[in-house]
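Visitor:
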Amino acid sequence: MLNYLIRRIYLLIPVVLGVSTLVFLIIHLIPGDPVVLMLGDSAIRADIESLRGKLGLDKPVYIQYLNFLLNLFRGDLGRSIHTDKPVIQTIGERFPATFELAMGGVIISLFIALPLGIISALKKDTIIDNGARFFALLGISIPNFWLGPLLIILFSIKIGILPVSGMGGIENLILPSITLGLGMAATVTRMVRASLLEVIKENYITTARAKGLGESSVVIKHALKNALMPVVTVVGLQLGALLSGAIITESIFSWPGIGSLTIEAINRRDYPVVQGCIFVIAMCYVVVNLVTDLVYGFLDPRIRYE
Amino acid sequence: MNRAGYNKFLKNRLAVAGLIIILSFLIVAIFAPYIAPCNIYALDLEKRLVPPGTGHIMGLDDLGRDIFSRIIYGARVSLKVGIITVFVSLTAGICIGSVAGYFGGRVDEVIMRIIDILLAFPGILLAVAVVSILGPSLNNVIIALCLVGWVTYARLVRGQILSAKENEYVMAAKAIGAPAYRILSLHIIPNILSPVLIQATLGIAGAIVGEASLSFLGLGTQAPTPSWGSMLNDGRRYILTATHLTAFPGLAIMLVVMGFNFLGDGLRDVIDPKENV
């Protein structure tokens with residue numbers, strides 16, 4: 001397992017370096033002068049040169065790149081142009097909200113997907129199965145930027161039981177979590193169903209049935225345990241995708257997380273914050289994928305020796 | 001698709017429904033000027049936020065413009081983005097994936113590392129990053145979605161080619177001295193197109209949602225061009241008082257995305273029954 005871990009981390013080095021390079025390039029690929037763009041056309045020359053010096057944009061590009069990498073290594077993502085606070089501090093303040101939302105999304109989606117996927121597989125080609133499959137396709141097709149407003153209209157305006165937006169108690173978390181988690185629920189439902197159908201055909205299930213075990217025991221003890229392995233991968237990958245889905249969900253519900261911070265920073269042309277947010281979200285995605293691979297390797301020993 | 005496949009496709013109700021939805025939206029987009037009852041730019045501030053009813057079946061927006069007409073024209077934006085994005089990223093993906101899969105070695109190694117790096121960014125984030133560099137506009141959205149989109153096709157094509165190039169017909173073509181581009185374009189690619197086309201169908205849905213998401217965040221299509229995403233974004237401000245501004249554009253996005261998802265799933269059932277989930 002240790003060798004597997006080292007090999008996976010070794011493979012990550014070029015990815016992290018590549019992500020850092022792309023994030024570094026953001027400010028350099030902006031058409032025109034990024035400093036003028038950040039300060040606006042009416043900025044005076046002294047301010048422009050001062051900010052250019054502060055951001056290190058007056059140095060040769062290769063020096064800027066090396067400095068950028070060194071600073072990243074030290075956990076320094078620069079300072080916000082808007083608030084002058086360290087970017088890492090701003091992100092640190094907003095990150096817990098995104099984490100809370102992502103967890104809410106995962107819980108909601110598993111709560112829907114596991115029972116639905118299992119029932120759908122066990123009742124294959126019945127009306128229940130068709131209903132579950134239709135739900136899955138519908139869930140994938142409903143864009144979260146529409147689902148969110150619809151839920152607000154229904155639960156906050158018409159019925160009036162849940163708050164429209166903002167962060168606070170558990171009641172504030174429900175609508176954003178459903179908005180974020182429904183797409184994932186649909187994908188995981190399909191995966192659970194497909195995986196369980198595959199496993200049910202295996203010889204050891206026939207053996208378990210032949211031994212005279214009850215159907216629920218066959219499903220829970222024998223089939224489900226094996227069927228859930230590929231589901232772990234999908235959940236892991238989807239968790240990463242949730243982080244990007246959070247950009248939209250946070251924007252709908254005024255949720256003070258890293259996704260809404262990214263959009264605020266883009267609108268304010270606060271490029272150090274934009275760079276920081278994109279780097280941190282991409283790194284979270286990379287780490288979640290790594291952990292998923294490791295969990296999968298831990299659950300299925302064959303993977304480690306490939 | 002052979003005759004049996006064609007019959008199987010026609011029996012798949014969801015796939016046929018998907019095709020009908022897509023064709024309807026295509027017709028609406030092409031004939032938009034003849035179908036739309038009102039001028040999409042005509043403002044009538046006295047009638048702003050009028051709810052759906054006689055005269056305007058989907059009501060009027062915050063500037064008094066007919067929502068139904070704007071949704072009809074919005075189909076043009078969405079389908080244009082979907083089709084151009086998938087066409088460009090599919091072409092790039094097939095070329096790059098073919099080179100990586102067929103030649104292998106260093107070239108493959110470099111291409112795969114680039115793909116790994118781009119895949120380290122969750123979907124919409126990379127598009128948001130590109131648009132934050134290029135600035136918000138419809139064309140920049142298409143560029144951003146293409147830069148994100150080719151990766152999936154390249155990886156899929158590479159994988160397919162890795163297994164296809166071991167086939168005897170490829171060996172035979174090599175033995176008679178056919179050049180690489182000929183083997184790829186005439187022998188390998190036509191044989192691996194099915195899964196790629198399924199992916200492309202689902203990819204159009206993804207691109208449409210991508211454009212709408214960026215426009216919803218204010219980073220995509222700019223006013224006054226009617227895009228479903230930006231109409232939703234505009235409608236957000238009036239969600240407490242005029243829900244029709246939000247409901248109809250979202251419904252249009254969901255329907256067209258559902259159409260492509262149904263069709264993609266149906267094609268997968270017909271072409272690759274193993275993958276039937």
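Residue numbers (the UniProt record's numbering), protein chains in the order written: chain A, 1 to 306; chain B, 1 to 277. Here a beta-carbon is modelled for each residue, glycine too, at the ideal position from N, C-alpha and C.
1) Determine which residues share a DSSP beta bridge with PRO86/A and list them.
2) Determine the chain B residues that contact PRO115/A at a beta-carbon separation under 9 Å, and present them in chain order.
3) Closer than 7 Å between beta carbons: that is the criterion. Which residues of the segment 232 to 261 of chain B meet it against chain A?
4) Can you find a CB in chain A that lies within less than 8 Å of the CB of residue 293/B?
5) Look up ASP265/B in the DSSP assignment and say whether it is helix, strand or coil.
6) Within 8 Å (strictly less), CB to CB, does ASP116/B reach chain A?
7) Which one or two residues does DSSP pair with ASP66/B in a beta bridge?
8) Assuming the contact rule is C-beta atoms closer than 8 Å, ILE118/A and LEU196/A should be a hit. Round their C-beta distance to whole Å, please.
9) Can you tell me whether residue 311/A is buried or exposed, with buried defined as 16 or more other CB within 10 angstroms of its CB?
10) Does any residue of chain B have a CB that is nearer than 8 Å to the CB of TRP146/A?
11) In or out: THR54/B buried (at least 16 other Cβ within 10 Å) or exposed?
12) For LYS165/B, is the classification buried or exposed, using 16 other Cβ atoms within 10 angstroms of its Cβ as the cut-off for buried?
13) Please report the straight-line C-alpha distance between PHE31/B and ARG158/B, rounded to a whole angstrom.
14) Can you give me the C-alpha to C-alpha distance between SER244/A and ALA185/A, rounded to a whole angstrom?
15) For chain A, is any of its Cβ atoms less than 8 Å away from the one on VAL128/B?
16) Where do the ends of the alpha helix (DSSP H) carrying LEU290/A lie?
17) Name, in chain order, the residues that DSSP records as bridge partners for GLY53/B.
18) Can you tell me whether PRO34/A is buried or exposed? The criterion is at least 16 other CB atoms within 10 Å of its CB, across all chains shown.
19) Comparing C-alpha positions only, which one of LEU101/A, VAL23/A, VAL232/A sits nearest to ILE133/B?
20) Compile a chain-ordered list of the residues in the segment 251 to 268 of chain A whose CB is closer than 8 Å to at least one CB of chain B.
21) Is GLY18/A closer than 8 Å to ILE117/B when the C-beta atoms are compared?
22) Under 8 Å between C-beta atoms, does GLY149/B make it to chain A?
23) Is there a Cβ of chain A sitting closer than 8 Å to that of VAL277/B, yes or no?
24) List, in order along the chain, the chain B residues whose C-beta lies closer than 7 Å to that of SER244/A?
25) Measure the Cβ-Cβ separation of PHE260/B and ILE22/B and say whether it is below 8 Å.
26) Do ILE198/B and ARG268/B come within 8 Å of each other at the CB atom, strictly closer than that value?
27) Any Cβ of chain B within less than 8 Å of the Cβ of PRO149/A?
28) Closest Cβ-Cβ distance between residue 314/A and chain B: below 8 Å?
29) Starting from ALA212/B, find everything on chain A with Cβ-Cβ shorter than 8 Å and list it in chain order.
30) From the DSSP output, in three-state form, read off VAL16/B for me.
31) Is it the case that the segment 216 to 232 of chain A contacts the segment 172 to 192 of chain A, given that we only count it when at least three CB pairs across the two stretches are under 8 Å?
32) If you draw a straight line from the alpha carbon of ALA36/B to that of GLY250/B, how long is it in whole angstroms?
33) Using the Cα positions of TRP255/A and GLY139/A, report the straight-line distance between them to the nearest angstrom.
34) Identify the contact partners of ALA186/A in chain B, using a Cβ-Cβ distance below 8 Å as the criterion.
35) Can you say whether ILE63/A is buried or exposed, counting buried as having 16 or more other CB atoms within 10 angstroms of its CB?
36) May I have the straight-line CA-CA distance separating ALA175/B from LEU184/B, to the nearest angstrom?
Guide: The structure says:
1) Residue numbering aside, residue 86/A sits at position 86 when the first sequence is read from its first letter. Bridge partners of PRO86/A: ARG79/A.
2) Here residue 115/A is taken as the residue at index 115 of the first sequence, counted from 1. Correct list: empty, because the minimum Cβ distance to chain B is about 17 Å.
3) LEU232, ARG236, ILE239, LEU240, THR243, THR246, GLY250, ILE253, MET254, VAL257, MET258, ASN261
4) Here chain B comprises residues numbered 1 to 277, so residue 293/B is not present and cannot be evaluated.
5) Within the second sequence, the letter at position 265 stands for residue 265/B. The answer is helix: DSSP assigns ASP265/B an H, G or I state.
6) What you label residue 116/B is simply residue 116 of the second sequence in a count that begins at 1. Closer than 8 Å to some Cβ of chain A, the Cβ of ASP116/B qualifies, so yes.
7) Position 66 of the second sequence, counted from the first residue, corresponds to residue 66/B. Answer is LEU60/B.
8) Within the first sequence, residue 118/A is the residue found at index 118, counting from 1. Within the first sequence, residue 196/A is the residue found at index 196, counting from 1. Sure, about 6 Å apart at Cβ, within 8 Å.
9) The structure shown does not extend to residue 311/A, since chain A spans only 1 to 306, so no value can be given for it.
10) The sequence position of residue 146/A within the first sequence is 146, counting from 1. With 8 Å as the cut-off, TRP146/A counts as an interface residue toward chain B.
11) Reading the second sequence from its first residue, position 54 is the one you call residue 54/B. Looking at its Cβ environment, which holds fewer than 16 other Cβ atoms inside 10 Å, THR54/B is exposed.
12) Against the second sequence, residue 165/B aligns to sequence position 165. LYS165/B should be labelled buried.
13) Counted from its first residue, the second sequence places residue 31/B at position 31. Counted from its first residue, the second sequence places residue 158/B at position 158. Rounded to whole angstroms, PHE31/B to ARG158/B spans 39 Å at the Cα level.
14) Along the first sequence, read from residue 1 onward, the residue named residue 244/A stands at position 244. Along the first sequence, read from residue 1 onward, the residue named residue 185/A stands at position 185. Straight-line Cα distance between these residues: approximately 16 Å.
15) In the second sequence, the residue the question calls residue 128/B occupies position 128. Yes, its Cβ sits closer than 8 Å to a Cβ of chain A.
16) Locating residue 290/A in the first sequence gives position 290, where the first residue counts as 1. Looking at the DSSP string, the run of the alpha helix (DSSP H) that includes LEU290/A is 271 to 299.
17) In the second sequence, residue 53/B corresponds to position 53, counting from 1. Paired residue(s): HIS56/B.
18) Mapped onto the first sequence, residue 34/A falls at position 34. When all chains shown are included, PRO34/A counts as buried.
19) Working through the second sequence from its first residue, we reach residue 133/B at position 133. Among LEU101/A, VAL23/A, VAL232/A, the Cα nearest to that of ILE133/B belongs to VAL23/A.
20) SER251, ILE252, THR262, ILE263, ILE266, ASN267
21) The residue you call residue 117/B lines up with position 117 of the second sequence. The residue you call residue 18/A lines up with position 18 of the first sequence. Going by C-beta atoms, ILE117/B is nearer than 8 Å to GLY18/A.
22) By one-based count along the second sequence, residue 149/B stands at place 149. Output row for GLY149/B: interface = no.
23) On the second sequence, position 277 is the one that residue 277/B refers to. Confidence is the limiting factor: at VAL277/B the pLDDT is only 44, short of 50, which leaves the residue's position unreliable, though a coordinate-based value still follows. At least one chain A Cβ lies under 8 Å of VAL277/B.
24) For the purposes of this step, residue 244/A is identified with residue 244 of the first sequence, where counting begins at 1. Within 7 Å Cβ-Cβ: PRO122, GLY123, ILE124, LEU125.
25) In the second sequence, residue 260/B corresponds to position 260, counting from 1. In the second sequence, residue 22/B corresponds to position 22, counting from 1. Cβ distance < 8 Å, so PHE260/B and ILE22/B count as in contact.
26) One-based indexing of the second sequence puts residue 268/B at position 268. One-based indexing of the second sequence puts residue 198/B at position 198. Result yes, Cβ atoms of ARG268/B and ILE198/B sit closer than 8 Å.
27) Counting from one through the first sequence, the residue named residue 149/A turns up at place 149. For PRO149/A, the answer is yes, since a Cβ of chain B falls inside 8 Å of its Cβ.
28) Limits of chain A in this structure are 1 at one end and 306 at the other, which puts residue 314/A out of reach.
29) What you label residue 212/B is simply residue 212 of the second sequence in a count that begins at 1. Simply PRO143, PHE145.
30) For this step, residue 16/B is matched to residue 16 along the second sequence. Reduced to three states, the DSSP call for VAL16/B is helix.
31) yes
32) Taking the first residue of the second sequence as 1, we reach residue 36/B at position 36. Taking the first residue of the second sequence as 1, we reach residue 250/B at position 250. The straight-line gap from Cα to Cα measures roughly 18 Å.
33) Residue 255/A sits at position 255 when you count from the first residue of the first sequence. Residue 139/A sits at position 139 when you count from the first residue of the first sequence. Distance between the alpha carbons of TRP255/A and GLY139/A: 22 Å.
34) Numbered from 1 along the first sequence, position 186 holds the residue referred to as residue 186/A. Ordered by position in chain B, no residue passes the 8 Å Cβ test against ALA186/A, which lies about 10 Å from the chain.
35) Residue mapping note: residue 63/A aligns to position 63 of the first sequence, counting from 1. With fewer than 16 Cβ atoms within 10 Å of its Cβ, ILE63/A is classed as exposed.
36) The residue given as residue 175/B occupies position 175 in the second sequence. The residue given as residue 184/B occupies position 184 in the second sequence. Those two C-alpha atoms are separated by around 14 Å.
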